[in-house]
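Below is one structure, written out as structure tokens; the observations come after it.
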Amino acid sequence: MDSFSASLMKDKREIIIAPTIYKFQNFGEFAQEFALGERDVVLTNEFIYKPFMEQYNLACTYVFQETFGAGEPSEAMIETMYERIPYDSYDRVIAIGGGAIMDLCKLLGCKRPSSVHELYFKREPVVHEKEVIAIPTTCGTGSEVTNISVAIVKDEKDGKLTGGETKLGLVSDDIIPNKVCLIPDLLKTLPYKPFAASAIDALIHATESFLSPHRKTVTSEMYSVKAMEMILEGFRRIALEGPDARLDYLGEYVTASLYAGIAFLKAGCATVHGMSFPLGGTYHVPHGESNYALFSKILEVYDEYQPDGELGKFKEIVARCLGCTKADALRTLNVTLEKVLPLKPLHEYGFTEADITGFPVSVMENQQRLITNSYRPMTKELMERIYRECF
Ligand SMILES: NC(=O)c1ccc[n+]([C@@H]2O[C@H](COP(=O)([O-])OP(=O)(O)OC[C@H]3O[C@@H](n4cnc5c(N)ncnc54)[C@H](O)[C@@H]3O)[C@@H](O)[C@H]2O)c1
Ligand SMILES: [Fe+2]
Numbered sequence: 001m002d003s004f005s006a007s008l009m010k011d012k013r014e015i016i017i018a019p020t021i022y023k024f025q026n027f028g029e030f031a032q033e034f035a036l037g038e039r040d041v042v043l044t045n046e047f048i049y050k051p052f053m054e055q056y057n058l059a060c061t062y063v064f065q066e067t068f069g070a071g072e073p074s075e076a077m078i079e080t081m082y083e084r085i086p087y088d089s090y091d092r093v094i095a096i097g098g099g100a101i102m103d104l105c106k107l108l109g110c111k112r113p114s115s116v117h118e119l120y121f122k123r124e125p126v127v128h129e130k131e132v133i134a135i136p137t138t139c140g141t142g143s144e145v146t147n148i149s150v151a152i153v154k155d156e157k158d159g160k161l162t163g164g165e166t167k168l169g170l171v172s173d174d175i176i177p178n179k180v181c182l183i184p185d186l187l188k189t190l191p192y193k194p195f196a197a198s199a200i201d202a203l204i205h206a207t208e209s210f211l212s213p214h215r216k217t218v219t220s221e222m223y224s225v226k227a228m229e230m231i232l233e234g235f236r237r238i239a240l241e242g243p244d245a246r247l248d249y250l251g252e253y254v255t256a257s258l259y260a261g262i263a264f265l266k267a268g269c270a271t272v273h274g275m276s277f278p279l280g281g282t283y284h285v286p287h288g289e290s291n292y293a294l295f296s297k298i299l300e301v302y303d304e305y306q307p308d309g310e311l312g313k314f315k316e317i318v319a320r321c322l323g324c325t326k327a328d329a330l331r332t333l334n335v336t337l338e339k340v341l342p343l344k345p346l347h348e349y350g351f352t353e354a355d356i357t358g359f360p361v362s363v364m365e366n367q368q369r370l371i372t373n374s375y376r377p378m379t380k381e382l383m384e385r386i387y388r389e390c391f
């Protein structure tokens, strides 16, 4: 086992909920409670700012992520963000957006390193200095409560740049946001497809935490179960009534994804995330969608190995929420998910036959922290089978 996983397993904390959690009806209520002013910097997207924030004419500084780069944070994007937002220009950081914006704001709360590269390769310490308030506008990553900030950085081996890039998580309890505000109203403009992919991601966080063989605790299980129940009820409604059924249930989705984040910060994600990382990194498949592409097959492989135990309890929860028998739970779950978001075979994302054998090698090398958390012990051969059957 890698040393990072070993240290996580020694952690005796029952649960980690570092931020104080608030809930508001709309952005105005939040701005009033926190007395937003000149020394606050708000990182968001213009298309979230316009409908929800512009009307309040506040004195805080709004910065739009798209002015220094779209998509997932990269080394270059973070350096540009640092230049665009001088460190002495603010006292508080407010993240209003998806996982990418929340991850960027975690860095704005910390002392500036000599370079982003040095920070991600842990040659410079993480020094948290400014208060960070995280307000998620998607319902998936749980980044508002986690201790990770993910970025695409220049890859290096033995201290030398390889010329390639890799996705790395900067991990430190010091970067967990200080406050989380849930404002379901802000999810109203989230288009259906990123909504569905992020909600499925949250369901997978809850499931992987629930099935975690070594790190789950009584309290993390409670958060996993509640998150699964809320999300499955939402999916049952979408399957019956169509995508608009999400609109009067957004508060439950954003709360459930927070609960799933709390669960996985303690219990950990596992094989679904581990195997989806090279897929997301190589073919730029959105995070939730790349997890979804592998989720059902991995559950099937778990079911062959040990259908009772924690997986049996998982099937009971699914059966109760979706109104089917325990024996039919995994099939009914797949049918329901298919109605929420049609499942695509891996080759439609660009995945090739060579990846069937190539990706397991990369997962074994780079994703031990996730693979050690697998319900069924993972081998290269088993991963090849999963990729082949999803191909
Ligand atoms: N720190 C962590 O714990 C953690 C965990 C998992 C993933 N991540 C990172 O989070 C990112 C993925 O997060 P995500 O799934 O939230 O996606 P995202 O942040 O990329 O957002 C998805 C898309 O939806 C748009 N969007 C977000 N909210 C909107 C709204 N209210 N209205 C209209 N459009 C909106 C975004 O601009 C983007 O185009 C990745 O960078 C991933 O690496 C971090
Ligand atoms: Fe995830």
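Per full-length UniProt numbering, the sequence shown starts with residue 1, numbered consecutively.
We treat Cβ as the ideally placed atom computed from N, Cα and C, and that holds for glycine.
According to DSSP, residues forming a beta bridge with residue i
i	result
A134	A95 and V180
I15	Looking at the DSSP assignment, I15 forms no beta bridge with any residue, so it has no partner.
D40	R92
S149	L170
I21	V180
S74	I152
K157	K160
C139	Note: C139 sits in no beta bridge, so no partner.
Extent of the continuous alpha helix (DSSP H) run through residue i
i	result
T219	V218 to E241
A282	Strictly speaking, residue 282 in this sequence is Thr, with Ala absent from that position. Here the alpha helix (DSSP H) through T282 covers T271 to Y283.
Y305	H287 to Y305
N334	A329 to V340
K266	L250 to A267
K315	G309 to L322
H117	V116 to Y120
Y387	K380 to C390
H128	Where H128 is concerned, there is no enclosing alpha helix (DSSP H), given that its DSSP letter is neither H nor E.
E144	Element bounds for E144: n/a, residue is neither H nor E.
K193	Y192 to L211
Contact under 9 angstroms by Cβ, residue i with residue j
i	j	result
G142	L265	yes
V340	F210	no
S74	Q368	no
R148	D201	Note that residue 148 is Ile in the sequence shown here, rather than Arg. Result no, Cβ atoms of I148 and D201 do not sit closer than 9 angstroms.
S198	G140	yes
I96	T189	no
K239	T336	Just to set this straight, residue 239 is Ala in the shown sequence, not Lys. Taking 9 angstroms as the Cβ cut-off, A239 and T336 qualify as a contacting pair.
D174	F52	no
R376	V272	no
T352	E384	no
L346	L279	yes
L168	I152	yes
L232	V361	no
I166	D155	The sequence given here places Thr at residue 166; Ile does not occur at that position. Contact: yes.
L187	T255	no
Nearest candidate by alpha-carbon position, reference residue i, set the options
i	options	result
S374	D303, L346 and E75	D303
D355	G309, F391 and T67	F391
D2	I204, E14, N366 and G281	N366
F359	F34, D328, S276 and Q306	S276
A327	F27, P307 and K12	P307
V363	G274, I135, A59 and Y192	G274
L203	I386, S114, C269 and E72	C269
P213	L382, L370 and E29	L370
E310	E79, V254, G28 and T217	T217
Y253	A196, G242 and K106	A196
I85	E348, R39, G288 and D244	R39
A35	A256, I15 and N57	N57
Extent of the continuous beta strand (DSSP E) to which residue i belongs
i	result
L161	K160 to V171
F64	T61 to F64
Say whether the stretch 62-80 touches the stretch 39-53, bearing in mind that this needs 3 or more beta-carbon pairs closer than 8 angstroms, one atom from each stretch. yes
Taking contact to mean 3 or more Cβ pairs, one atom from each stretch, closer than 8 angstroms, check whether the stretch 287-299 and the stretch 248-265 are in contact. no
Does the structure place the stretch 11-24 close enough to the stretch 163-181 that three or more beta carbon pairs sit under 8 angstroms? yes
Determine contact between the stretch 127-138 and the stretch 100-117, defined as no fewer than three beta-carbon pairs at a distance below 8 angstroms. yes
Answer yes if the stretch 244-259 comes into contact with the stretch 309-322, meaning at least three C-beta pairs across the two stretches below 8 angstroms, and no otherwise. no
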